[in-house]
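Trainee:
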Amino acid sequence: MTEIPATPAPFPFDPATTALLVIDMQRDFLLPGGFGESLGNDVSLLRAVIDPLAGLIAAARASGVPVIHTREGHLPDLSDCPPAKLRRGDPTQRIGDPGAFGRILIRGEYGHDIVDELAPLEGEVVIDKPGKGAFYATELGAVLERLAITSLLVTGVTTEVCVHTTVREANDRGYECLVVADCVGSYFPEFQRVGLAMIAAQGGIFGWVADSADVVGALTTTTASPVTA
Ligand code: C5J
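Structural data, given as structure tokens:
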């Protein structure tokens, strides 16, 4: 057990019981010309996450900490997409419509998959999720239980939507969550700032916040012996 410098206090870190969760780093959200940009968003704010996250993923892999990826998306017939989600907002394009990179947020389409820079390695868990939270209607809880994981290093996009929803779900299930500040991203700078502040407020109501340099530092000085199932 070691500690990672974090806000509001050092994060107790045991690589044997920790996983790195990489949320929704998908082309539909991140690529110029894609769905995210079609909603009027500046995707460069999300793309800034790619480099530090690639470094963090590499450090986790080297130290034996499991890397678990998620993808938000739906079955081609949209049977797992509630009408309320489909109707939400006023986009020029909706989930399931043809987009620049295939049908938007549909499993199996090019845009639904993870950006090349962060592609999962063979054998890494990829969770397909229909909701914002990574626990809802997925096997994530069972995977974490099988790996004996009790702490999560949380990364990905977007900070105030899928990252926050997942951290809240994880809290209610008893996981310790460290959100890595420069490895989560929002289209809205104010939401990024406030989203991170909300995690660590009130003595860490949802968890801890740290920079990737400090997390990588801890990973490179420790090694996990992952549980295999
Ligand atoms: C959104 C996500 N923002 N992954 N999805 O719709 O945060």
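To convert, take the position in the sequence shown, counting from 1, and add 27; that gives my numbering.
Every residue, glycine too, gets a C-beta built ideally from N, C-alpha and C.
Quick caveat: nothing in here was measured; it's all calculated off a predicted structure.
(1) Would you mind reading off the limits of the beta strand (DSSP E) that contains Phe38?
(2) Below 8 Å, can you find three or more Cβ-Cβ pairs linking the stretch 159-177 to the stretch 135-145?
(3) Go ahead and label Ile232 buried or exposed: buried means 16 or more other beta carbons lie within 10 angstroms of its beta carbon, across all protein chains shown.
(4) Please report how far the alpha carbon of Thr182 lies from the alpha carbon of Ile154, in whole angstroms.
(5) So the candidates are Glu149, Leu132 and Thr34; which of them puts its Cα closest to the Cα of Lys156?
(6) Just list the residues that DSSP pairs Gly212 with in beta bridges.
(7) Consult DSSP for Cys108 and reduce its assignment to one of helix, strand or coil.
(8) Put Pro79 into one of helix, strand or coil per three-state DSSP.
(9) Assuming Thr193 and Ile50 are in contact, meaning their beta carbons sit under 8 Å apart, how far apart are those beta carbons, in whole angstroms?
(10) Any heavy atom of ligand 1 inside 8 Å of the beta-carbon of Ile154?
(11) Mind checking whether Leu47 and Ala87 have CB atoms under 9 Å apart?
(12) If we count Cβ pairs, one from each stretch, closer than 8 Å, do we get three or more for the stretch 191-209 versus the stretch 235-242?
(13) Examine ligand 1 and report whether any of its heavy atoms sits within less than 8 Å of the Cβ of Glu196.
(14) Is the beta carbon of Val206 within less than 8 Å of some heavy atom of ligand 1?
(15) Using a Cβ-Cβ cutoff of less than 7 Å, which residues in the same chain neighbour Ile77 once the five nearest sequence positions on both sides are dropped?
(16) Taking the straight line between their C-alpha atoms, what separation do you get for Glu136 and Gln229?
(17) Could you tell me the boundaries of the alpha helix (DSSP H) in which Ala164 lies?
(18) Would a C-beta distance cut-off of 9 Å place Glu30 and Pro42 closer than the cut-off?
Mentor: This is what the structure gives:
(1) First-last of the beta strand (DSSP E) with Phe38: Phe38 to Phe40.
(2) They do not touch, by the three-pair rule.
(3) With fewer than 16 Cβ atoms within 10 Å of its Cβ, Ile232 is classed as exposed.
(4) Going from the Cα of Thr182 to the Cα of Ile154 covers about 14 Å.
(5) Closest option to Lys156, judged by alpha-carbon separation, among Glu149, Leu132 and Thr34: Leu132.
(6) Under DSSP, Gly212 shares a beta bridge with Val184.
(7) Coil, per DSSP.
(8) Here Pro79 sits in helix by DSSP.
(9) Contact between Thr193 and Ile50 holds, with the beta-carbon distance rounding to 6 Å and staying under 8 Å.
(10) Ile154 Cβ: outside cutoff for every heavy atom of ligand 1.
(11) With a cutoff of 9 Å on beta-carbon distance, Leu47 and Ala87 are scored as near each other.
(12) Here the stretch 191-209 lies against the stretch 235-242, with 3 or more beta-carbon pairs under 8 Å apart.
(13) Look at Glu196: its beta carbon is at least 8 Å from all of the heavy atoms in ligand 1.
(14) Distance from the C-beta of Val206 to the nearest heavy atom of ligand 1 is not below 8 Å.
(15) So the list reads Val142, Glu144 and Leu145, once near-sequence residues are dropped.
(16) Taking the CA atoms as reference points, Glu136 sits about 41 Å from Gln229.
(17) Run containing Ala164: none; DSSP gives neither H nor E here.
(18) A distance of 9 Å or more separates the beta carbons of Glu30 and Pro42.
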